[in-house]
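Structure first, commentary second.
Number of protein chains: 2
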Amino acid sequence: MRKFNFCAGPAALPEPVLLQAQQELLDWGGRGCSVMEVSHRSPEFTEVAERAEQDFRDLLSIPAHYKVLFVQGGATGQFSAIPWNLFGGGVKRADYIHTGQWAGKAIKEASRYGEVNVVASSEDRNFSYAPAADAWQESDRSAYFHYTPNETIGGVEFNYVPEVKAPLVADMSSNILSKAIPIEKFGMIYAGAQKNIGPSGIAVVIVREDLLDRAMSDIPRSLNWKIAAEAGSMDNTPPTFAWYLSGLVFQWLKAQGGVEAMYEQSLKKSGLLYEFLDRSDFFSSPVDPASRSRMNVPFVLADEQLDARFLNEAEETGLLNLKGHRSVGGMRASLYNAVPLEAVEALVAFMADFEKRVA
Amino acid sequence: MRKFNFCAGPAALPEPVLLQAQQELLDWGGRGCSVMEVSHRSPEFTEVAERAEQDFRDLLSIPAHYKVLFVQGGATGQFSAIPWNLFGGGVKRADYIHTGQWAGKAIKEASRYGEVNVVASSEDRNFSYAPAADAWQESDRSAYFHYTPNETIGGVEFNYVPEVKAPLVADMSSNILSKAIPIEKFGMIYAGAQKNIGPSGIAVVIVREDLLDRAMSDIPRSLNWKIAAEAGSMDNTPPTFAWYLSGLVFQWLKAQGGVEAMYEQSLKKSGLLYEFLDRSDFFSSPVDPASRSRMNVPFVLADEQLDARFLNEAEETGLLNLKGHRSVGGMRASLYNAVPLEAVEALVAFMADFEKRVA
């Protein structure tokens, strides 16, 4: 029996997607083999790959002058790929907003290859909010401007898109496909799949074509967006099963009503949980109300001695993976697209009951 | 119904492995979720990861002073990773044997970062043999010595391990786990999974510990073996499903009798096909008999006008993916561990019949 899974990533996948993958795992469309067992260059797989890209483009209304790449790895791989691909155009400086652990890792890696200007940071209040745009000091010349629209660990989400001079680069690993994106405001967007797209081991990159000529000369081949773009993301053997499964998720998303429906759903799900947290005397959210994530909801118990009991009882109730990230502790419920409203209703009911019993 | 699949990669997987994966795809061991839907750092997945590593170590008798890494990507990723990890020790020169397309790609990437000395090449006879060791001119000082024990496209396999001064580095993507390896003769071994290990998107690296301190200073984090080794291959989110499936393949291999049994089996399977090719007046092998691969068997028809008909009829007979690589044409039967003897028997029977009908 499937349980409600609040894992931050690798995260829950839509049940209909898993069912289809299960059904055709040994014999894919009557071909007598698995989708994992055919060449990535075969007509059968090419169809899967192209359809996945087209569905993804449809879902996010991606204009033709943006390339979509399916690359190996996840966000961490792109932390290096970004400076390698964009510092070769004459400017080895970039602006970054520091909003927590993921932004921090991106900054650390970029600093190895050029100058990083941290234009804003929320470190002063333990990364519990998204900095406002008014106090920024953008660089005069910057290869790009990087931010993290949703911090998976801190549960902080930007409720606006920064308006900046340099090409805007965003790590959307944990909130992509959960709302419409004004793509033309961005130079490059990337997302590890394992939260809102598919299984781990694949990442999606959206990059404006004119940025493909700015790579540093000694960039490793496997990080090079231009090579990937020219080869249809098949310069090397791609993770075919992950690509296929991502494609099934895109089809499922379309059937659900696309990103607009996901956005409504995310407001409903996260709203239900935040309202409960704000009403509760026992549970609380550490995140600034204006920056609360629709995807990742960290919360704490008034008595952390009860953390272990809470987690045990939750698991017994069929509510999985509510433990907060090892770096911050507490709890975290991740409410990605594949997590149904019923899961949040069950969670809130359990929390209310728990509070009544221990308070 | 499953058919016989001779794909060069992503290649056939053992049916019992796919069956187990299918069975537990939605509900893994009664946990109420898929193995794809749990954190890579969870105790459940840690157990999967550690068992896979231990089984792999057991299968190849890997000594304790070698690290085993599960990394993103495949051989192409490692073509860059090798010079980045080994050119930082003071010597930016490496020896390479050129035996065909994969060796060629490795050489091309390494040449971007240092001096490549091609000690031997089989280009003179269209990469149809593995060069003998007697004519080599090793460099006096070399960061490493690289070769490709099995060329997937050319179907050429070394029947010996080079004895060299520098740390020996080998791309074993297409013949790993098909025979015992004298690990201590090697500095580093790598293999993309999608032939003899698991699905595409993951690669296994075996590296001698003392080589982990030779990375160039600006190596991208995701290519750094030392960082991967120190983090148990979890500096970033690994491709968990591919890792899990690879682990199931290792368990299956152990149950089959390990690499010794696979070696016997590979001799039987490839022997059957080569004997047929050598007897036939219509089909032939373009590869030097002393260097014929046990894993990839290219062959040609006396009349290439019949290629398309051969492929069509083969497919109708349930023999899949026999088309040769687009760069060389002709046919190729890949006989990895998961391809059963019955598949080769069926192939040979079909070829004999085809020959009788068209000759």
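Sequence order for the protein chains is A and B.
Numbering of the first sequence is given in this note's numbering, commencing with residue 50 and proceeding in unit increments.
Numbering of the second sequence is given in this note's numbering, commencing with residue 50 and proceeding in unit increments.
Just so you know, even glycine gets a beta-carbon here, dropped at the ideal spot from N, CA and C.
Scanning chain A for C-beta atoms nearer than 7 Å to the C-beta of E158 of chain B yields R270, reported in chain order. Under the three-state reduction of DSSP, D284 of chain B is assigned to coil, being neither helix nor strand. Residue B:R270 holds the alpha-carbon nearest to the alpha-carbon of P132 of chain A among B:R161, B:G306 and B:R270. With a contact defined as Cβ atoms closer than 8 Å, E233 of chain B and K116 of chain B miss out at about 14 Å. P59 of chain B belongs to the set of residues whose beta carbon lies under 8 Å from a beta carbon in chain A. The secondary-structure analysis by DSSP pairs Q121 of chain B across a beta bridge with B:I251. In the pairwise beta carbon analysis, the stretch 309-325 of chain B is classified as not touching the stretch 134-148 of chain B: fewer than three pairs are separated by under 8 Å. Judged by beta-carbon spacing, F207 of chain A lies within the 8 Å limit of A179 of chain A, meaning their Cβ atoms are closer than that value. Nearest CB-CB separation between G122 of chain B and chain A: below the 8 Å threshold.
Out of A:R341, A:E394, A:S266 and A:W301, the CA that lies nearest to the CA of E64 of chain A is found in A:W301. Annotation for F348 of chain A: the continuous beta strand (DSSP E) segment containing it runs N345 to L350.
Closer than 8 Å to the CB of F290 of chain A there is at least one CB belonging to chain B. Close CB contacts of S227 of chain A within its chain, under the 8 Å cut and outside five residues either way in sequence, are with N245, V308, M311, Y312, S315, R343, M344, Y385 and N386 (chain order).
In chain order, C82, E86, V87, S88 and S91 make up the part of chain A whose C-beta sits under 9 Å from the C-beta of N370 of chain B. For I111 of chain A, the closest Cβ of chain B is not nearer than 8 Å.
Within chain B, the residues placing a beta-carbon under 7 Å from that of N285 of chain A are G122, G123, T125 and G126, ordered along the chain. Per DSSP, N166 of chain B is one residue of the beta strand (DSSP E) stretching across E164 to S170. From the listed residues A:L371, A:A169 and A:G126, the smallest Cα separation to Y145 of chain A is found for A:A169. Among the bridge pairs identified by DSSP, I238 of chain B is matched with B:A219 and B:I255. In this structure, B:L360 is the residue among B:N199, B:F403, B:L360 and B:P288 with its C-alpha nearest to the C-alpha of F55 of chain B.
Secondary structure within the stretch 133-188 of chain B: the beta strand (DSSP E) runs of 3 or more consecutive residues, fully enclosed, are 142-147 and 164-170 (chain order).
Contacts with chain A (Cβ-Cβ distance below 8 Å) from the stretch 160-172 of chain B involve R161 and Y162, listed in chain order. Between A401 of chain A and the set A:D352, A:S376, A:D330 and A:G367, the nearest pair of CA atoms involves A:D330.
In this structure, DSSP gives K405 of chain B a helical state, which the three-state scheme calls helix. Here L384 of chain B carries a coil assignment [DSSP, helix/strand/coil]. Within chain B, no residue has its CB atom less than 9 Å from the CB of I146 of chain A, the nearest being about 21 Å off. Per the coordinates, the alpha-carbon of L321 of chain B lies some 7 Å from the alpha-carbon of V393 of chain B. About 7 Å separates the beta carbon of E362 of chain B from that of F403 of chain B, a gap short enough to meet the 8 Å contact definition. Contact between L62 of chain A and V298 of chain A holds, since their C-beta atoms are separated by about 7 Å, short of 8 Å.
The C-beta separation of P288 of chain B from G250 of chain B comes to about 5 Å, placing the pair in contact by the 8 Å criterion. Residues of chain A whose Cβ lies closer than 7 Å to the Cβ of G153 of chain B do not exist; the shortest such Cβ separation is about 13 Å. It is roughly 14 Å from the alpha-carbon of L135 of chain A to the alpha-carbon of I156 of chain A. According to DSSP, residue pairing for N370 of chain B in a beta bridge does not occur. Secondary structure at E353 of chain B: helix, using DSSP grouped into helix, strand and coil. Residues of chain A whose Cβ lies closer than 9 Å to the Cβ of D267 of chain B are, in chain order, R161, Y162 and D267. For the stretch 65-79 of chain A, the residues whose beta carbon sits under 8 Å from a beta carbon of chain B are, in order, L67, L68, A70, Q71, L74, L75 and D76.
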